[in-house]
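Written out below as C-alpha cells is the structure these notes cover.
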Amino acid sequence: MIHTQNLSKTYGAATVLNIENLEIPKGQCFGLVGNNGAGKTTFFSLLLDLIEPTTGQIINNGVQVNTSEDWKPFTSAFIDESFLIGYLTPEEYFYFIGELRGQNKADVDALIGSFEDFFHGEILNQKKYLRDLSKGNQKKAGIVASFIGKPEVVILDEPFANLDPTTQIRLKGILKNLAANQNTTVLVSSHDLSHVTEVCERIVVLNKGEVVKDIKTSAATLKELEVFFAGGDFPEAVAVLEEE
Amino acid sequence: MFKHFLNLQWKSFFRSASFKTNLAIKILMGFGVLYFVVAFAFLGVGAYFLIKEAGYEDPLLFVNKYLIYYIAGDLFFRYLMQKMPVTNIKPLLYLPFKKSQVVHYSLGKTVVSFFNWTHAFFFLPFSIVLLVQGYNPLGVIAWHFALFALIYCSNFINVLVNNKDSVFYPIAALVIGLGVCQYFNLFDITEYTASIFNAFYTISWTALVPIALLVGLYYAAFNYFKSNMYLDGGLQTKHTVAKSENLEWLDRFGNMGTFLKNDIKLIKRNKRPRTVVIMSGLFLFYGLLFGSGAIEVYDGPIWQIFGAIFVTGGFLFTFGQYVPSWDSSYYQLMMSQNIKYRDYIRSKWYLIVIATLISTVLASFYLFFGINAYLAILVGAVYNIGFNSHIVLLGGAYVKSPVDLTSNKKAFGDKQAFNMKTMLLSLPKLLLPMLIFAAGYYTISDTAGYIFVALAGILGFAFRNRVFTQIEKIYKKEKYKTIHAYKQKA
C-alpha cells in the first residue's frame, strides 16, 4: 500500500529523516515509536505532502505523493489541532469533512452515531465550537473525523495523548477493528509503548531519523521496546540515574 | 519586582514574531513611523495657522468645538483596535507577586500604549504654538493636561467596557446620529461641549475635574480587574454559545458550496474577518468623494475610474488581500483533505466574485448621481471581477502571515503581509485600470476609456481557466513554504 524509497529530509546540515526502504502492506496496523525529534511527525507530514522530501518519495497506493493529488480521496489523517476548524461546531465539522469525501448527511450521521460511546456525550450537541472544547475532546472529534468516508489509509499522530483512560481503551478497540475487519491501513505514532504494542501488529522504531527496529508484535515486544528506550541508546543517562 | 516586569515586556517586544522581519522592512517601517511623526507634528504646528487662515477668529475655540468628535472617534477606534492587557497575566498568577502589583502593571502597560502617546504628536506642538502666540500660559497648560486626562479616561473606559457590544454600538450610533444632526443643522451638540472644553482654558481649575475623573476611572478599572483575576472570572476566554447552521441553500453549488458555507461561517463567527468585511462595506461610499467636489483632484477624469474600482472592490481589497491566510489555522487540513488545489482556489474566487456582485447591487444608489456615475461603477465591477480577482489570488500565493481569527489587533494591515511581491502585485489593481482608461480617454473619448477598462475585465474573465492553471502552479510551488509559515503563531 505504502512504499517509501530513499526518503530523506534535511534542514540545513541536519538530517531529520532518512528511510531507505519501508513497505506498509494494506490492512496493516502500523505503529511508529521514537523519542522527541525522532522524525515521526516528519514522516507523517511527508506522507501527507505537507513538507517536501529532500530526496526520495513515498508511493501511496500507486500514487506518488509529492507529485500527484490523487492520494487524497483514500487517505485521511489527524495530526494536530491544525486539522480542526475552530469556529465550527463538531457536527458542522463532520458534515464538512463528509461533503469533501462525498458522503451525505445521513452517511455522516450514521458514522458518528456509531461513535456515541467514544464521544462519551461530550462532543455532540454541546453548543460549543471546536475551539472551545478541551484538548482531549478536540482530539476525539479529530480522530473520528478521520474515519469519515471509508478511507483506505488513516494516519494518526499521537492519538492517545490527552485522552482519558476510558477513551484510550475504546480507541484501541476501534483501531484494531479498523485494520482487522475493514482492511484499512492504520498508521499510528505514540510515546506510550504499551498502547502501540497492544494495538499494532508491527512496530517501527525511529531514532534520529533512522529506522532502528522493525518488529512484528509479539508477547515479548513491549519488554524489548522498554529495554531499548531505557538504555540501549542512552547508557550514560541511565548510569547517572542509577547512581542517584 | 518592577524590574522583572520591564524585562518581560522588553523581551516580548523584541522577540515577537512580527519584529523578526528582515532589515529592509524594518528600515521601511522606521521611515513610515518617522513620516507619521513628522506629519502629525506639522499638523500640530500648522493646524493653528491653517484654521486661522480659513477665517476662524480663534483656532482654540475651533478645536474645542470639534473635540467631542475627536474624543468619540478615538474611543471608537480604541474599542475596535486596542487589545486588553489580560493576555499575559496568566503565567504571572501563581508567581510570588502581589495581585495588585500585577494589576498595576497590566494597567500601566495600557498607559504607554500607542493609542495614547500618538495624540501627543498633535496636542503638544499645538499647545506650544498657543503659548508662542501669546495665549494665557496657565490656561493652555490646564487645557493641555485636561485633554490628556480625557484621552487617558478613554483608555480606562475602554478597559472597562471592553467587548461589551451592547454598550458600544448604541453609543456609536448616538454619536454618528449627533454628527448627522449637526451636519443638517438640526441639533448642535458642540455648542454645549465646546463650552466645557473652553472652560479648561478660561477657568484653569476646572482642568482638575477630568484629572479627578481619570483617577476615579483608574481605580474603577483597578478594582474591576483585581476582583476578576481568576481563571474562571475575567481571565476566562469568552465562549459563545454555538449554534449549528446548515446553510443548505448553498448545496446547489456542489463542491463550491461546501467551501462557501465554510467561508460564510468564518466571517460570521470570527472577530477579525467580521471587522474586515464591515470595513469593506465602507468602501461603497468612497465614490461620494468623487465628482462631488469634496476633494479637488478627485474630479479629474482619470480619478473617476479609480473611485469606481474602489466602490465595488471593498471586499476584494480588504478580505481578498488575506486569501488564503484566513484558513491559516487549519491550512494543513485543507492541504491534506480530499480537495483539489484548483477547487480550493476557485472557491475563493467565487467568494470574491459574489461579494463584488453584491457590492455592485448595493452601489445602485449612485444612480441618484446620474446613470453615468453608475455605469462607471459597473465598469469598475467588471474589471474587479475579470481582472482584479485573479490578481488578488495571485498575491495570495505570497501572503505568508498567519491570521489570528479571534483578534482584531492587526485588522488594519499586517507588516508581514506587506512584502515586496504583494506590494508589486497590488499596483495593477489600481494603476492599470487608470492607465487603460487614460489610453482611451486621451486618444478617443471618455466613453472609449470606460469601454477599454471593461474589455480588459471581460478578457480576464474569458481566459480565467488558463489564468487559474497558472495561479494553481504558483500556489503549488509556494505550498510548502506557506504551510511552514502558517505553523508559526501569529
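Heads up: the protein sequence lines correspond to chains W and Z, in order.
Per my numbering, residue 1 is the first one in the first sequence, and the count goes up by one each step.
Per my numbering, residue 1001 is the first one in the second sequence, and the count goes up by one each step.
No residue lacks a Cβ here, since even glycine has one placed at the ideal position from N, Cα and C.
Model, not experiment: these values are computed from the prediction.
8 Å Cβ shell around residue i - same chain, five flanking residues per side excluded
i       : result
I1151/Z : I1071, D1074, N1116, H1119
L222/W  : L193, S194, T197
N207/W  : G34, N35, A38, D233
L48/W   : V65, T75, A77, I79, I155
A1411/Z : For A1411/Z, the predicted model reports a pLDDT of 43, less than 50, meaning its position is unreliable; a value from the coordinates is still stated below. So the list reads L1080, M1081, R1272, T1275, V1276, M1279, once near-sequence residues are dropped.
I1305/Z : A1376, V1379, G1380, P1433, M1434, F1437, G1449, Y1450, V1453
Y1056/Z : F1062
Minimum C-alpha distance to residue i - residue among the options
i       : options                            : result
I1128/Z : Y1374/Z, A1194/Z, V1037/Z, Y1048/Z : Y1048/Z
G1044/Z : K1065/Z, G1108/Z, L1130/Z          : L1130/Z
A1397/Z : Y1341/Z, I1377/Z, L1178/Z, V1159/Z : Y1341/Z
L1147/Z : A1172/Z, S1204/Z, G1177/Z, P1301/Z : S1204/Z
M1491/Z : R1272/Z, Y1330/Z, D1058/Z, F1031/Z : Examination of residue 1491/Z is not possible in this model, given that chain Z is present from 1001 through 1490 alone.
A141/W  : T10/W, K128/W, E152/W              : K128/W
T1206/Z : S1166/Z, L1138/Z, K1090/Z          : L1138/Z
N125/W  : E99/W, L88/W, Q103/W               : L88/W
A179/W  : E152/W, E122/W, K40/W              : E152/W
H1004/Z : L1034/Z, V1037/Z, F1097/Z          : F1097/Z
S1244/Z : L1093/Z, Y1066/Z, K1261/Z          : K1261/Z
A1194/Z : Y1066/Z, Q1009/Z, Y1374/Z          : Y1066/Z
Y1218/Z : F1365/Z, A1439/Z, S1100/Z, G1179/Z : S1100/Z
P1428/Z : L1288/Z, N1007/Z, W1326/Z, I1309/Z : I1309/Z
T1482/Z : M1334/Z, L1174/Z, A1462/Z          : M1334/Z
G1395/Z : G1300/Z, N1162/Z, F1168/Z, L1316/Z : L1316/Z
L1431/Z : S1325/Z, F1463/Z, Y1383/Z          : Y1383/Z
G86/W   : E1478/Z, K1268/Z, S1336/Z          : K1268/Z
Q1470/Z : A1485/Z, V1403/Z, L1393/Z          : L1393/Z
A1373/Z : F1290/Z, L1050/Z, I1339/Z, N1228/Z : F1290/Z
K1226/Z : Y1105/Z, I1371/Z, Q1133/Z, G1046/Z : Y1105/Z
Same chain, Cβ closer than 6 Å to residue i, five either side skipped, listed in chain order
i       : result
S45/W   : I51
F1040/Z : F1121, F1122
Q168/W  : F160
K216/W  : R202
Q1416/Z : In this prediction, Q1416/Z scores a pLDDT of 44, lower than 50, which makes its location untrustworthy; the coordinate-derived value is nonetheless stated afterwards. Hits under 6 Å: S1401.
P1210/Z : A1146, A1149, L1150
D1414/Z : Because the pLDDT of D1414/Z is 46, which lies under 50, any placement of that residue in the model is unreliable, and the number read from its coordinates should be weighed accordingly. Excluding positions up to five away in sequence, the list reads S1401.
P165/W  : none
P1324/Z : G1396
Residues that DSSP places opposite residue i in a beta bridge
i      : result
G31/W  : V188/W, I203/W
Y11/W  : A14/W
T75/W  : V153/W
H3/W   : E23/W, I59/W
I215/W : I203/W
E210/W : N207/W
Q64/W  : I59/W
Chain-order list of residues whose beta-carbon lies under 7 Å from that of residue i (same chain, five-residue window excluded)
i       : result
A1221/Z : L1107, F1156, V1159, L1160
E81/W   : Q138
F1387/Z : A1456, G1457, G1460
S1154/Z : I1071, D1074, L1075, R1078
A1381/Z : T1312, T1356, T1360
N1270/Z : L1405, T1406
E20/W   : N6
C200/W  : C29, F30, G31, V188, T217
Q103/W  : I148, G149
K172/W  : H195, E198, V199
N18/W   : S8, G209, E210
K1052/Z : P1059
Y1475/Z : Y1341, I1345, A1397
P90/W   : I123, L124, L130, A141
Y1286/Z : G1307, F1310, V1311
G1179/Z : Y1069
Contact with chain B by residue i, beta-carbon distance below 8 Å
i      : result
E158/W : Among the protein chains in the structure shown, which are W and Z, there is no chain B.
May I ask you to verify whether the stretch 2-10 of chain W touches the stretch 55-62 of chain W, counting CB pairs closer than 8 Å and requiring at least 3?
yes
Is it the case that the stretch 1190-1201 of chain Z contacts the stretch 1142-1160 of chain Z, given that we only count it when at least three CB pairs across the two stretches are under 8 Å?
yes
Count Cβ pairs between the stretch 1339-1355 of chain Z and the stretch 1251-1263 of chain Z that sit closer than 8 Å; are there 3 or more?
yes
Across the stretch 91-99 of chain W and the stretch 145-152 of chain W, are there enough close Cβ pairs to call them in contact, namely three or more that are closer than 8 Å?
yes
Please list the segments of the alpha helix (DSSP H) lying wholly inside the stretch 1444-1481 of chain Z, counting only runs of 4 or more residues, in order along the chain.
1446-1462
Between the stretch 12-30 of chain W and the stretch 1427-1446 of chain Z, do three or more beta carbon pairs fall short of 8 Å?
no
Could you give the uninterrupted runs of the alpha helix (DSSP H) lying entirely in the stretch 1028-1090 of chain Z, keeping only those of 4 residues or more?
1059-1081
In chain order, which alpha helix (DSSP H) runs of at least 4 residues are fully inside the stretch 1140-1176 of chain Z?
none
What are the complete alpha helix (DSSP H) segments, minimum 4 residues, inside the stretch 68-132 of chain W?
90-100, 105-113, 116-119
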